[in-house]
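A quick write-up on the structure given underneath.
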Amino acid sequence: MKLLRTFYEQATVAVARQLLGTYLVRVHSQGITVGKIVETEAYVGPDDKASHASRGRTPRSAIMFGPAGYAYVYLIYGFHHCLNVVTEPEGYPAAVLIRAVEPVEGVEVMRARRRTPGARSLTNGPGKLCQAFAIDRSFNGADMSGDVLFVEDRREPPPDIVATTRVGIDFAGPWKDKPWRFYIRGHAGVSKR
DNA sequence: CAAGAGATCATCT
DNA sequence: GATGATCTCTTGA
4 MKLLRTFYEQ ATVAVARQLL GTYLVRVHSQ GITVGKIVET EAYVGPDDKA SHASRGRTPR
64 SAIMFGPAGY AYVYLIYGFH HCLNVVTEPE GYPAAVLIRA VEPVEGVEVM RARRRTPGAR
124 SLTNGPGKLC QAFAIDRSFN GADMSGDVLF VEDRREPPPD IVATTRVGID FAGPWKDKPW
184 RFYIRGHAGV SKR
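In terms of my numbering, the first sequence opens at residue 4 and continues consecutively.
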């Protein structure tokens, strides 16, 4: 079953944890790609110094202030796109970054879009999975309850979750120590242990 | 296997 | 004008 707005309106950390073990689906004319979500990070509220929303509402961060269930996609380091889903009620800026998935369907399409053919490194990082799933800035603001990009809950038993600190945010002061990165314990598709 | 450099641009100051 | 919610390749052990 497809995850809808009511799911994403929950507390961000709860959404980040519950997304583990669900399936990211991308419908494209080249073929459908599906990946099991194995790693996420939560960016929570106006005070989280690691979050793009910590400097208030800007043209870029405005989407995080909006209603839940929409995609927030941005370009980082001039090269890579990162995919987030906006969470919590409208007016409260928060989102979940999808950091890694395990390729499930459409592996050949993913391989064609990626540089390295190594199956294990196709989608084990936020920039990598965006490339493999053909997700770019045109998806910023896209409705993730729609038919092109969405998440499916296939009702599997909940995974064993590891909570640890987020990656690449050393500048965030006390907020860098928040245990808001989550991944499935022991899973090979995680970007970093 | 680990560490480091370089690539490159939208966004905010 | 500075800087990143990263990735890949190269180097050296």
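Heads up, the beta-carbon is just placed ideally off N, CA and C, and yes, glycines get one too. Small disclaimer: the values here were computed from a predicted structure and weren't measured.
Bridge-paired residues (DSSP) for residue i
| i | result |
| --- | --- |
| cysteine 2 | Here the chain has residues from 4 to 196 only, and residue 2 is not among them. |
| glycine 38 | Leu27 and Pro106 |
| valine 47 | Ala97 |
| phenylalanine 153 | Val28 |
| tyrosine 186 | Glu42 and Val165 |
| lysine 5 | Glu155 |
Buried/exposed call for residue i, threshold 16 Cβ in 10 Å
| i | result |
| --- | --- |
| alanine 56 | buried |
| alanine 191 | exposed |
| tyrosine 80 | exposed |
| arginine 140 | exposed |
| glutamine 134 | buried |
| glycine 171 | exposed |
| isoleucine 35 | exposed |
| proline 92 | exposed |
| phenylalanine 82 | exposed |
Between the CA atoms of residue j and residue i - distance to the nearest angstrom
| i | j | result |
| --- | --- | --- |
| glutamate 155 | lysine 39 | 9 Å |
| arginine 60 | phenylalanine 68 | 7 Å |
| alanine 19 | leucine 6 | 13 Å |
| serine 54 | leucine 22 | 19 Å |
| tyrosine 46 | alanine 175 | 12 Å |
| phenylalanine 136 | glutamate 12 | 25 Å |
| alanine 183 | glutamate 111 | Checking the sequence, you will find tryptophan at residue 183 rather than alanine. Roughly 32 Å between the two C-alpha positions. |
| arginine 29 | lysine 181 | 31 Å |
Nearest candidate by alpha-carbon position, reference residue i, set the options
| i | options | result |
| --- | --- | --- |
| lysine 52 | Val193, Ser194 and Arg169 | Arg169 |
| histidine 31 | Val151, Asp180, Tyr186 and Asp173 | Val151 |
| valine 76 | Gln13, Leu100, Pro177 and Pro92 | Leu100 |
| phenylalanine 185 | Val165, Lys179 and Ser194 | Val165 |
Whole-number beta carbon distance between residue j and residue i, since they are thought to touch under 8 Å
| i | j | result |
| --- | --- | --- |
| threonine 43 | arginine 114 | Rounded, the Cβ-Cβ distance is 24 Å, inconsistent with contact. |
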